[in-house]
Amino acid sequence: MMGRAKGDQKTANTKYMLLFLMWCFLLLKVPSASAQIPMSIFVWPKSEKDTEAGTQMETLAHHAAKTIANAYPVRFVARRDSNSEPLLAAITKAQELLRMDKTGRRAPELLELATTAYQLGRNELESISLTDLAEIFRLMGIASYLTGQKQLAGDYATAYFHMFSGGTDLEWAEFPETQALALSVQTELKTRAPGSLKLETIPSGAVVELDGKGRGVTPLTVDVPPGLHYVRFSADGYYSKAWIAEAKTQETSSLKLTLQSHPSRTRYEAAMNLIRKSILDEKAAVDIVGACRDVFELVQSKAVLAIVVESREDRYYLQGVFVEKSGKLTRLNKVLVKDATVLTEFAALIASVMADMVDGTTR
């Protein structure tokens, strides 16, 4: 019996080995999915890692990056959203507590967690995504309201809607009272008289990004709704600088920052500022919400900006922007999809548009 058992085990091992060798042979002979995709872009999804679709998207993104590196003479710069582990952990803990606490009795604990996330976010304003920043303000608003700090809750809710224009009062629906707060803030924002922000930098000429939208270059005075606003300055050869500025009704608030020199950032900032100036300073503005921005210098001497915006109900909004190095906006596409397969279609779309461009226009 022992000899027969050993023989059976040996046969089984042989079968497994043959299957493994066949798998390796097929892997070498059959082109990978990434090789079949005309990869002119690298898209990195942000916040859907816990879903099957999100996992597929991230895997495809890794394949795309590898394909680009191996097959195309392309230099790419990728910036991940909110890459601080402590910050993301603090946001996650607060979100989990909010999901578990159906009564609001643990509001003081929620406020403590949200405050920790807020403090970490304030320390990383140059790298935090607007989606994460908006979520911090939402958590702070809910926690403040549940602990009786209603005025402060209103301020945080106002900041949320400034920084996440795609949000709705439904995002505050954990408790009826906080949803009512969000709805009242949305209504009030439509009627309140604006304030002004006077923005300056040393040196001048820095690109101004206000709540995710480019507004021009410094020095700049801009009318905005009252409340907290996210302001980001960037210039070639300098570190980016971000700030939370407060605007007050019918008043002008001043903000003047000195940018720190960083020569090795020149090419990166030049590419990013090309996008900001080309798209956001012109009236053909793109609302970049919850998105990571990846810029590539292509063989055709053009830059392409690809954005993935996660939406509700497992849907994804994809926006593609094509820009000449001279700074001219060429084309904008927006697609609504339900699964990761659209990345293949979107890559093909970008490839076809890039090939069809002549002197900054599409035929």
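Residue numbers (the working numbering): 1 to 363.
C-beta: ideal position from N, C-alpha, C; glycine also.
- For T221, no alpha helix (DSSP H) run applies; the uninterrupted beta strand (DSSP E) run containing it begins and ends at 220-224, by DSSP.
- In this structure S204 does not touch P194 by the C-beta definition: roughly 24 Å separates them, more than the 8 Å allowed.
- The three-state reading of DSSP puts F137 in helix, counting H, G and I together.
- For the 7 Å CB-CB criterion, I136 and G121 form a contact.
- By the Cβ neighbour-count rule, L170 is exposed, with fewer than 16 other Cβ atoms within 10 Å of its own.
- When beta bridges are read from the DSSP output, G214 appears opposite E209.
- The closest CA to that of G141, considering only E124, S129, L183, is found on L183.
- Look at K93 here: in three-state DSSP terms it is helix.
- By the C-beta density criterion, E209 is buried, having at least 16 other C-beta atoms within 10 angstroms.
- S144 sits in a helix when the DSSP states are folded into three classes.
- Within the DSSP bridge table, the entry for R232 names E209, A242 as partners.
- Counted as a single uninterrupted DSSP element, the beta strand (DSSP E) harbouring E200 occupies residues 195-202.
- Here T201 has T218, F233, L257, L259 as same chain residues with Cβ atoms under 6 Å from its own Cβ, once five neighbours each way along the sequence are excluded.
- In the DSSP annotation of this structure, the continuous segment of the beta strand (DSSP E) that includes K256 starts and ends at 252-258.
- Excluding its 5 nearest sequence neighbours in each direction, Y239 has C-beta neighbours in its own chain below 6 Å: Q260, H262, listed in chain order.
- DSSP places A153 within a helical segment (H, G or I) once states are collapsed to three.
- Minimum Cα-Cα distance from E188 among the listed residues L133, S254, A157 corresponds to A157.
- The C-beta separation of G212 from M163 comes to about 7 Å, placing the pair in contact by the 8 Å criterion.
- The residue from N123, M100, E112, L88 with its alpha-carbon nearest to that of K241 is N123.
- Per DSSP, reduced to three states, the secondary structure at S184 is helical.
- A159 and I91 have their C-alpha atoms roughly 17 Å apart.
- Exclusion of the five residues before and after D223 leaves P194, S196 as the residues of its chain whose Cβ lies within less than 7 Å of its Cβ.
- By DSSP's assignment, G237 forms no beta bridge with any residue.
- Here A247 carries a strand assignment [DSSP, helix/strand/coil].
- A straight-line Cα-Cα distance of about 17 Å links E246 and Q119.
- For A107, the uninterrupted alpha helix (DSSP H) segment begins and ends at 107-122.
- Of the residues assessed, G227 falls on the buried side of the cut-off, its CB having 16 or more other CB atoms within 10 angstroms.
- A distance below 7 Å between beta-carbons, with the five flanking residues on each side excluded, links A117 to the following residues of its chain, in chain order: L87, A90, I91, A94, I136, L139.
- In the assembly as shown, T249 is an exposed residue. Its beta-carbon has fewer than 16 other beta-carbons within 10 Å.
- Excluding the 5 residues flanking it on each side, L125 has same chain C-beta neighbours closer than 6 Å at A242, in chain order.
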